[in-house]
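Protein chains in written order, with the working numbering: chain A, 76 to 413; chain B, 3 to 349; chain C, 477 to 816.
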Amino acid sequence: MRHGRLEKADADEAAVNRVVLPPKDEAISLLRTMQLIRAFEEQVRSLFFGGIIPGLVHLCAGQEAVAVGVCSQLRTSDKIASNHRGHGHCLAKGADVRRLMAEIMGRRSGYGLGRGGSLHIFDVVNGNLGTNGIVGGGIPLAVGAAFSAKRNGRGDVAVCFFGDGALNQGLLFEAMNMAAIWRLPVVFVCENNGYGEFTASEHVTAGRDPKARGASFDIPSEAVDGMDVLAVREAARRGISRARAGEGPSFLVCTTYRYGGHHAGDKQEYKDTAEIEAWRQKDPIERLGRQLQDENLVTSKVIAALKGAVETEVREAVEFARAAPMPEPQDLGLHLYA
Amino acid sequence: MPVPRRCQNRRTSACTCMPNARNITYRSAVLEALAGEMRRDQNVILIGEDVGAAGGVFKQTDGLHAEFGEERVIDTPISEAGAFGLAIGAAMAGQRPVFEVMFGDFITLVMDQLVNQAAKVNYMSAGQFSVPLVLRTAVGIGANLGPQHSQSLHAWTAHIPGLKVVMPSTPADAKGLMTAAIRDDNPVVFFEDRMLYNVSGEVPQFEHVVPIGSAEVKRPGRDVSIIATSRMVHIALAAAELLAHENVSVEVVDPRSLVPLDIDTLVASVKKTSRAVVVDGGYRQYGVTGEIAATIAEEAFDWLDAPIMRVGGANVPIPFSKSIEPLMLPDAAKLAAIVAQLLHGTR
Amino acid sequence: MKVSPLDRKTSLSIFDRMLMMRYFEEAVLRLHQERQFASHFHLYIGQEATGAAVLEALGDKDLICTTHRNHGHLIGRGSDPGQTMAEILGRSSGLNRGRGGTLHASDPSRGFLSTSAIVGGCAGLATGAAFGIKTKRESNVAVGFFGDGSLEEGLVIESFNIAALWKLPVIYVCENNSAGAMGPQQGGYPTAITATDSFTRLPAAYGIHCVKVDGADIAAVYAAATEATQRCRAGQGPAFIEAFTVRWPGSSPLWPEPATVTDLNEAWDPARLKGPHVAWLRDHDPLLRTARDIVAHGYVSQDEVMAHDKDARARVEAGAAFAIESPMPLSETAHEHVFA
Numbered sequence: 076m077r078h079g080r081l082e083k084a085d086a087d088e089a090a091v092n093r094v095v096l097p098p099k100d101e102a103i104s105l106l107r108t109m110q111l112i113r114a115f116e117e118q119v120r121s122l123f124f125g126g127i128i129p130g131l132v133h134l135c136a137g138q139e140a141v142a143v144g145v146c147s148q149l150r151t152s153d154k155i156a157s158n159h160r161g162h163g164h165c166l167a168k169g170a171d172v173r174r175l176m177a178e179i180m181g182r183r184s185g186y187g188l189g190r191g192g193s194l195h196i197f198d199v200v201n202g203n204l205g206t207n208g209i210v211g212g213g214i215p216l217a218v219g220a221a222f223s224a225k226r227n228g229r230g231d232v233a234v235c236f237f238g239d240g241a242l243n244q245g246l247l248f249e250a251m252n253m254a255a256i257w258r259l260p261v262v263f264v265c266e267n268n269g270y271g272e273f274t275a276s277e278h279v280t281a282g283r284d285p286k287a288r289g290a291s292f293d294i295p296s297e298a299v300d301g302m303d304v305l306a307v308r309e310a311a312r313r314g315i316s317r318a319r320a321g322e323g324p325s326f327l328v329c330t331t332y333r334y335g336g337h338h339a340g341d342k343q344e345y346k347d348t349a350e351i352e353a354w355r356q357k358d359p360i361e362r363l364g365r366q367l368q369d370e371n372l373v374t375s376k377v378i379a380a381l382k383g384a385v386e387t388e389v390r391e392a393v394e395f396a397r398a399a400p401m402p403e404p405q406d407l408g409l410h411l412y413a
Numbered sequence: 003m004p005v006p007r008r009c010q011n012r013r014t015s016a017c018t019c020m021p022n023a024r025n026i027t028y029r030s031a032v033l034e035a036l037a038g039e040m041r042r043d044q045n046v047i048l049i050g051e052d053v054g055a056a057g058g059v060f061k062q063t064d065g066l067h068a069e070f071g072e073e074r075v076i077d078t079p080i081s082e083a084g085a086f087g088l089a090i091g092a093a094m095a096g097q098r099p100v101f102e103v104m105f106g107d108f109i110t111l112v113m114d115q116l117v118n119q120a121a122k123v124n125y126m127s128a129g130q131f132s133v134p135l136v137l138r139t140a141v142g143i144g145a146n147l148g149p150q151h152s153q154s155l156h157a158w159t160a161h162i163p164g165l166k167v168v169m170p171s172t173p174a175d176a177k178g179l180m181t182a183a184i185r186d187d188n189p190v191v192f193f194e195d196r197m198l199y200n201v202s203g204e205v206p207q208f209e210h211v212v213p214i215g216s217a218e219v220k221r222p223g224r225d226v227s228i229i230a231t232s233r234m235v236h237i238a239l240a241a242a243e244l245l246a247h248e249n250v251s252v253e254v255v256d257p258r259s260l261v262p263l264d265i266d267t268l269v270a271s272v273k274k275t276s277r278a279v280v281v282d283g284g285y286r287q288y289g290v291t292g293e294i295a296a297t298i299a300e301e302a303f304d305w306l307d308a309p310i311m312r313v314g315g316a317n318v319p320i321p322f323s324k325s326i327e328p329l330m331l332p333d334a335a336k337l338a339a340i341v342a343q344l345l346h347g348t349r
Numbered sequence: 477m478k479v480s481p482l483d484r485k486t487s488l489s490i491f492d493r494m495l496m497m498r499y500f501e502e503a504v505l506r507l508h509q510e511r512q513f514a515s516h517f518h519l520y521i522g523q524e525a526t527g528a529a530v531l532e533a534l535g536d537k538d539l540i541c542t543t544h545r546n547h548g549h550l551i552g553r554g555s556d557p558g559q560t561m562a563e564i565l566g567r568s569s570g571l572n573r574g575r576g577g578t579l580h581a582s583d584p585s586r587g588f589l590s591t592s593a594i595v596g597g598c599a600g601l602a603t604g605a606a607f608g609i610k611t612k613r614e615s616n617v618a619v620g621f622f623g624d625g626s627l628e629e630g631l632v633i634e635s636f637n638i639a640a641l642w643k644l645p646v647i648y649v650c651e652n653n654s655a656g657a658m659g660p661q662q663g664g665y666p667t668a669i670t671a672t673d674s675f676t677r678l679p680a681a682y683g684i685h686c687v688k689v690d691g692a693d694i695a696a697v698y699a700a701a702t703e704a705t706q707r708c709r710a711g712q713g714p715a716f717i718e719a720f721t722v723r724w725p726g727s728s729p730l731w732p733e734p735a736t737v738t739d740l741n742e743a744w745d746p747a748r749l750k751g752p753h754v755a756w757l758r759d760h761d762p763l764l765r766t767a768r769d770i771v772a773h774g775y776v777s778q779d780e781v782m783a784h785d786k787d788a789r790a791r792v793e794a795g796a797a798f799a800i801e802s803p804m805p806l807s808e809t810a811h812e813h814v815f816a
């Protein structure tokens, strides 16, 4: 592969700060998908505490704007690699809500025949290379998919989602270096929610600015308000266009927040409630709803109706999943090899 | 139709020999397999450190960069974990990578990606994604390379469900298994002993496939079965020659693949001879010989006239110095002595 | 960073280290050609100024990690040439009793930790050593020497993050000898597989204090190392020094080639330069350059330099002779030291 450094990206300050309102249908779709994720996570949380879901689940309520904003710019044939906090990525990339719920419950009708669970959701039809139980584990997979996309020449791209904890993984550094030297069509999306498990990010991440880690390879790197789906969408559009045009990788550091704990049972003793409340004021769903109402694109009734519809969809998914069969003993050895 | 020639290697009593075979080195045989598959399938790519312009640190990829170019023969930075992860992602997206880990010891650096990603993707995704890749690596004690450049950690990889593991001992097997590995839709770990690179043998000129999971009797015999892997096959054959002078008939069986293991062939041999010695070049403790010996005991206990003996690498880090490095593994004379002890009922 | 001219004592001390490093490596090459040992090996020829000047700036209690290219650091630190050569020859009198060899030679009595031949490994070890120092509230520092290739390994970056976060007293010395690394002016690393145009940008992203120096300029390297050690001892955290040297023509992937043979007289008599690498010897050999410089400063005469030269050669020869005479390890000792 040709070695070469990227030319330094032009800093377009105006573009970075401008929020572009999409056409009405798309705007409503953004809202709906975020609501779907929120409703889904709330149901999963409730099922977890009800003892219905085995293992652990890592919920993304509060972070919906990043998944939705980025995936809104992707084609079905584009690839994503997700992480342990991945239900939102899966849904935003088009996953079937019922099969997703069934997999999280460990049912045979799930995406992985019930053997993967929340941490190992793969969806080949939608180009989802999987949620992942290894911090940073999906990052090089996305870079590899980008490598393949470049060879295929159809203009597909890949996106990897990871948290601020993964910023300190050597694997990210190695992957960024290779993506840059080979100009691979990949967008690195960091969901910086301020916490790696139970530890505040600033206690474990050196250097004043995470963007510098991409910038040191001359990868165009942006800080994005991750609570603003329109800002995420714009930044993603820039990065994905660059990738499709053969200009190589981009790095988005999206500042966001998870209302819940690292996993559903985490009591969050390391956070104070004032902090959680302050972030709720920036809730991405409320915010887009207000913006669309201000522009007279929707009314509050429409928003309520959307919410009702997704909640129904999620409830139906739960019923489907609860009625779905468990895997059988003879399923144990299936798909060990291709 | 070419007339089959008499087999030069006394491979098996039923050997039909290989058409169009000629003598080439182990290194060249693997290279032939790689080049052949890269010509046949555009999706096959080669990724590793110094595999491209340099042709490989042991010249094991010589000429591939010139023929296939930098798009398909890729030199990576010294970033084993990241680069192997990239190879896995590329495999999931339709490529068929052959990924080279320069020294077998460095497999430690790719272990997370190998164990937690590559081995499990097909299973976790219930068949939605497969990982059709080959991880090849050179191992082998004997060049005074010291503790971090001489290990063979094949037992680690054989322990992980979802991986296939092969260890060819001859040039023909090397070509055949590399071809099979590239064509397999699963992650295959291919261990080659660099001390065999210059060993020559008969290798078919054209397409040659050795099925993964098939063992081979390299030398028929009656009195004892030596089951040996990789370079130990050659040690075992040399020991068999020594023992032949003492009227002991040794059968040498080469599993060729560790996973899947061709238990039937191994057991058939032991049922014939009633005695078994298992020889492997990795550390003895918790190694391959334990797995094979226990399996034989389970399947053929009533046929055994003596306990199964295990011969493996000494349980020490491999020392650099010339006087003690050779103590890591037996030579032909030592192995013959061990076998003789077994036959005479002493240990 | 202010670069002061070095005084006589410091200059000569550094020069003596460099002489020992150079003649030791030439002896290693010769002994390999005489088949006294097998194995791949890596020589420090062309990089002596960097190692010697850094080592001059360290104290006796400071800790050092190095890589597969360790001979220069050991000899420069004062490790016994006989025991060091014996290790390379795999003899039982070697620093590691013949178990490590050239790739893993190490001298704990002089502050060396375990020498890893895995690229990037020493960054982790040096960071850990610094952590130990800080935990024990000592004022020592840990130094990790590594090459440009190490900056492709994720582990090194993880080490930077931790060292910066915890303000560990570690100095990362990147000896950039990549072919074509012509110094900060030109920028870029044609033979490294990296997307950055300047390695210091990588640690800088973590807030680490970074300096670039001409690795063949002993005053500049000494100044950088001194500043770094002072910062560390004052609790200001880690430093990264990128030292550029022009690669010795004998460097090659598996086995070095005897491209040059040192003759200090070439330093002041360029007419004596001959062979295919005259340009390297004339413009980039740090030993010849330093010899010229210390004479030009008036610290020594040419004759005195040759006396130092003779002395170093003799010490190395004695070490080589000791090593050749030393016994190989006995089989009975093969299993020793597996466990403590």
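Glycine residues also receive a C-beta, built at the ideal position from the N, C-alpha and C atoms.
Using a Cβ-Cβ cut-off of 6 Å (strictly less than) and excluding sequence neighbours within five positions of residue i, which residues of its own chain qualify?
i                : result
Arg29 (chain B)  : Gln62 and Tyr199
Glu297 (chain A) : Ala310 and Leu327
Ala639 (chain C) : Thr603, Val646 and Pro714
Go through its chain and collect everything with a Cβ distance to residue i's Cβ below 8 Å, but skip five positions before and after it.
i                : result
Met109 (chain A) : Glu139, Ala140, Val143, Val304, Pro359, Ile360 and Leu363
Ala605 (chain C) : Leu539, Cys541, Leu589, Ala618 and Val646
Ala275 (chain A) : Gly269 and Tyr345
Lys537 (chain C) : Gly587, Glu614 and Asn616
Can you give the Cα-Cα distance for residue i and residue j, rounded to whole angstroms?
i                : j                : result
Asp785 (chain C) : Ser728 (chain C) : 27 Å
Gly570 (chain C) : Val619 (chain C) : 23 Å
Glu350 (chain A) : Gly238 (chain A) : 19 Å
Asn252 (chain A) : Leu644 (chain C) : 26 Å
Leu334 (chain B) : Asp77 (chain B)  : Here residue 334 (chain B) turns out to be Ala, not Leu, going by the sequence shown. Computed Cα separation, rounded: 39 Å.
Gly96 (chain B)  : Asp186 (chain B) : 13 Å
Met40 (chain B)  : Gly219 (chain A) : 19 Å
Pro762 (chain C) : Glu532 (chain C) : 16 Å
Gly656 (chain C) : Gly726 (chain C) : Caution is warranted here: a pLDDT of 49 is assigned to Gly656 (chain C), below 50, making its placement in the model unreliable, and the coordinate value is therefore given only provisionally. Cα-Cα distance, rounded: 15 Å.
Arg768 (chain C) : Ala743 (chain C) : 6 Å
Pro163 (chain B) : Phe322 (chain B) : 34 Å
Leu244 (chain B) : Pro222 (chain B) : 15 Å
Met150 (chain B) : Thr110 (chain B) : According to the sequence as given, residue 150 (chain B) is Gln; it is not Met. Those two C-alpha atoms are separated by around 11 Å.
Ala299 (chain B) : Ser271 (chain B) : 13 Å
Lys485 (chain C) : Val771 (chain C) : 13 Å
Leu565 (chain C) : Gly577 (chain C) : 7 Å
Asn760 (chain C) : Tyr520 (chain C) : Looking at the sequence shown, residue 760 (chain C) is not Asn but His. Their Cα atoms are separated by approximately 14 Å.
So, under 8 Å CB-CB, residue i and residue j are touching, yes? Tell me the CB distance rounded to an integer number of Å.
i                : j                : result
Glu718 (chain C) : Asn652 (chain C) : 6 Å
Leu505 (chain C) : Pro734 (chain C) : 6 Å
Gln148 (chain A) : Ile315 (chain A) : 5 Å
Looking only at its chain, what residues have a beta carbon closer than 7 Å to the beta carbon of residue i, apart from the 5 residues adjacent to it on each side?
i                : result
Val145 (chain A) : Val234, Val264, Val307 and Ala311
Would you mind stating whether residue i and residue j have Cβ atoms separated by less than 8 Å?
i                : j                : result
Asp266 (chain B) : Glu218 (chain B) : no
Ile633 (chain C) : Phe248 (chain A) : yes
Lys220 (chain B) : Val254 (chain B) : yes
Gly87 (chain B)  : Pro215 (chain A) : yes
Asp624 (chain C) : Tyr665 (chain C) : yes
Continuous beta strand (DSSP E) assignments of at least 3 residues falling wholly in the stretch 510-552 of chain C: 539-541
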